[in-house]
Amino acid sequence: PPTGDQSPSYGGNPASTDHTAPHMRATVSTRHLRTIAKTGRLRVALGTDEGAVVALGGTLTAKAPHAKTLKLKLKGTTVLYKRAGQKTATLTLTAAERRKLKALLATGGKKAGGKVTITGTGADASHNKRSLTKSAKLVR
38 PPTGDQSPSY GGNPASTDHT APHMRATVST RHLRTIAKTG RLRVALGTDE
88 GAVVALGGTL TAKAPHAKTL KLKLKGTTVL YKRAGQKTAT LTLTAAERRK
138 LKALLATGGK KAGGKVTITG TGADASHNKR SLTKSAKLVR
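Heads up, the sequence shown is in my numbering, so the first residue is 38 and it goes up one at a time.
In C-alpha cells, the structure reads:
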C-alpha cells in the first residue's frame, strides 16, 4: 500500500501521458456515381497513425443537366484500430436514395457528375480527438 505522498500506479507512468490526437487520412476509393447507385456503397480507404476509434459519415451531391441537384446523406460507420494502420470503411445509401440516384443518372446521360464529402472524428484511448474532412469529385 502507498505511504505518505505516494499514489498508487494504475498501469502507466503519469509523466508519459498521451496528449496527441490521432492523425487520420482518407481516400475515396469509389469514384463513379453509377457504381454507388448500383451497389449502394461508397468505399473509403482510411488510415491512422495510432490506435483509435474513428466515426465516419458523409454527404453525396449529384447533378445532371436538366435535373435538380440531389443531396444524399451517407449512413455512417465506426472503425476500430487497435494499432496504427489502414482499413477500408464502407458508407451506404438507403434503397430510396439509390432509386433517386439511379433516376438522376437515367435522365442526365453522360454529363452527370457529383461530389462526395466525408467527415469523421477519431479518438484515441486517452480521449484525444481530431476531426477529418475529405472531398472528392465523382464522375458518371
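Every residue gets a Cβ at the ideal spot worked out from N, C-alpha and C, and that includes glycine.
It should be emphasised that the depicted structure is a prediction, and the values quoted were computed from it without experimental measurement.
Does DSSP put residue i in a helix, a strand or coil?
i	result
THR98	strand
THR131	coil
GLY159	strand
ALA121	coil
LYS108	strand
THR144	helix
Looking at the unbroken beta strand (DSSP E) that takes in residue i, where does it start and where does it end?
i	result
LYS166	166-176
Tell me the DSSP bridge mates of residue i?
i	result
GLY150	LYS100, VAL176
LEU93	THR114, GLY157
GLY84	ARG62, GLN123
LEU79	LEU128
I need the straight-line Cα distance from residue i to residue j, nearest angstrom please.
i	j	result
GLY88	LYS119	5 Å
ASP86	GLY77	29 Å
SER44	LEU70	Residue confidence is low: SER44 scores 49 on pLDDT, short of 50, so the model does not pin down where it sits. No coordinate-derived value is stated.
ARG136	SER163	43 Å
ARG68	THR57	33 Å
SER172	GLY151	11 Å
ALA104	ASN165	44 Å
ALA101	THR158	31 Å
LEU117	THR144	40 Å
First and last residue of the alpha helix (DSSP H) that includes residue i?
i	result
ARG71	70-76
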